[in-house]
Structure formats: C-alpha cells, structure tokens
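Chemist: Protein chains in written order, with the numbering used here: chain A, 1 to 108; chain B, 109 to 216.
From the three backbone atoms N, C-alpha and C, an ideal C-beta is built for every residue, glycine too.
There are 2 protein chains.
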Amino acid sequence: MKMDETCPGKVEPILEILDSKWMLLVLFELFNGTKRFGELRRKLQSISPKTLTDRLRLLEEKGIVTRTIYPGVPLHVEYDLTESGKALQPIFSAMWTWTQEHGAYLQN
Amino acid sequence: MKMDETCPGKVEPILEILDSKWMLLVLFELFNGTKRFGELRRKLQSISPKTLTDRLRLLEEKGIVTRTIYPGVPLHVEYDLTESGKALQPIFSAMWTWTQEHGAYLQN
C-alpha cells in the first residue's frame, strides 16, 4: 500500500461516515447479523431514536445498509449490511487487533 | 478473529479517540513522518489551532504521539508517533483498501 499526499482527500468519504458519533457501534452491531430497529436500540442503550434513525438513513444512502420492510401487524423493519458494508469488517478487525495489543495502555 | 458480544465495550477506547473530528486526518499526517505544529496546521487547512492543540494533547495523553521540544529561538516542537501510534497503520490501510474498492459508490 502506498499512501501518498493525495490519500487523505480520497479517504474522506469513509471518514465522514465512520466519524459520526455512534456510527462505529451501529455498524459493529450489524456485523453480528440482521437487526430490527428495536434490537439496535436495546443494544446501544443510550442512543436516542432520532440519532439511530439518522445513522441508519445515512448508511442506507451510502449503500452500506439495506432496509427491508416486512408486512404484518405491526410492520417490522430489518437492517442488514450490503456487500460494501460487509467489506468494512477488516477496518473493525484492525481496530480490534490494535485494542488487544495497545488498548490496556490506553486505560492508564 | 472472534468479535463476541463483549467486543464493542473493549473497542471503545480506540473508538473514542478516532471518533473525534479531525483525529483521523491528524494521525494520517503523522504516518508520513514527524511534523511541527505549523506543518500540521498547513496540511489541515481548515482546522483551528485550538482543535489541533486539543487533538495532539489527547494523542500524547494516550501514548500515541510524542511531543519533543527543541531548544532554539524560537523554540520548536515536533510531534511523532510512538510504537503504539505506528501500530494504528493497519486500521488506515483497511480504510484505504475499502475506499479503493467501494469509495466510488459512496460519491453517488
């Protein structure tokens, strides 16, 4: 990999997405599989419904998440990662590896 | 790699750092080598000096960046990554790879 002078600009679109508050934790939950809105809310206990809606809408606009509505009473809505969303996983793996190796120091 | 239910909590310390506005771009500049404060400001054109100072101080507190003061008139201060900071590079590599493969779609 060559990260040249022009790279930061190129990486900006993904930075803009990942940089939103809560976004990494929302994505993290979706790596573990399809989730309903209510499930995501329960997992991310202190997120507001508005913030969660905003984040999911952005992910949908960016082609990272699909939103599927299932008929029934009440309707239910499921969120899942697209191929592009699943391809974010190595970014998370790298963060996880770093945390295991250097995270203890961070707590100091 | 196994990302179990407890993982998000463990990854939080690094998320908290990377999630700050400008942080990824500041780190990105330091991957390219030692930088003076003024150089970082020039590279990150629209960052405020206060924000840049805050980010560098946080990175220093977390053991990711070293701050070295060189005597002289005027004094000059250089910032460099620690080993822990350099170990963040795979996270950036993964973001770069993702951007090359899926970034074009994001622009739509």
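1. Can you name the start and end residues of the beta strand (DSSP E) that THR174 of chain B belongs to?
2. Pull up the distance between the alpha-carbon of LEU196 of chain B and that of TRP98 of chain A, whole angstroms please.
3. Do you know offhand how far VAL134 of chain B's Cα is from LEU160 of chain B's?
4. So which residues of chain B does LYS62 of chain A contact, with C-beta pairs closer than 7 Å?
5. Go ahead and pull the three-state DSSP assignment for MET111 of chain B.
6. Taking only runs of the alpha helix (DSSP H) that begin and end inside the region 38-107 of chain A, which ones reach a length of at least 4 residues, in chain order?
7. Using a Cβ-Cβ cutoff of 7 Å, what residues of the region 36-53 of chain A are near chain B? List them in chain order.
8. Sort A:MET95, A:TRP96 and A:HIS76 by Cα distance to GLU113 of chain A and report the nearest one.
9. Compare the C-beta of LEU58 of chain A with all C-beta atoms of chain B and state if any pair is closer than 8 Å.
10. Rounded to whole angstroms, what is the Cα-Cα separation between MET111 of chain B and THR68 of chain A?
11. How close, in whole Å, do the beta carbons of PRO23 of chain A and ILE17 of chain A come, if the pair is a contact with beta carbons under 8 Å?
Modeler: Straight from the coordinates:
1. Mapped onto the second sequence, residue 174 of chain B falls at position 66. Its beta strand (DSSP E) spans residues 173-178.
2. Here residue 196 of chain B refers to the residue found at position 88 of the second sequence. Here residue 98 of chain A refers to the residue found at position 98 of the first sequence. Using only the alpha carbons, I get a separation of about 7 Å.
3. Position 26 of the second sequence, counted from the first residue, corresponds to residue 134 of chain B. Position 52 of the second sequence, counted from the first residue, corresponds to residue 160 of chain B. Roughly 8 Å separates the two Cα atoms.
4. Along the first sequence, read from residue 1 onward, the residue named residue 62 of chain A stands at position 62. Going along chain B in sequence order, the residues near LYS62 of chain A (Cβ under 7 Å) are LEU214.
5. For this step, residue 111 of chain B is matched to residue 3 along the second sequence. Low local confidence applies: a pLDDT of 48 at MET111 of chain B is under 50, so the model's placement there is unreliable, with the coordinate-based value given in what follows. MET111 of chain B falls in the coil class under three-state DSSP.
6. 49-61, 83-86 and 89-106
7. none
8. Here chain A comprises residues numbered 1 to 108, so residue 113 of chain A is not present and cannot be evaluated.
9. Against the first sequence, residue 58 of chain A aligns to sequence position 58. Taking Cβ atoms only, chain B never reaches closer than 8 Å to LEU58 of chain A, which makes this a no.
10. Along the second sequence, read from residue 1 onward, the residue named residue 111 of chain B stands at position 3. Along the first sequence, read from residue 1 onward, the residue named residue 68 of chain A stands at position 68. Here MET111 of chain B scores only 48 on pLDDT, less than 50, and its place in the model is too uncertain to base an answer on.
11. To locate residue 23 of chain A, count along the first sequence from 1; it is residue 23. To locate residue 17 of chain A, count along the first sequence from 1; it is residue 17. This sequence places Met at residue 23 of chain A; Pro is not what is there. Yes, they are in contact, since the Cβ atoms of MET23 of chain A and ILE17 of chain A sit about 6 Å apart, within 8 Å.
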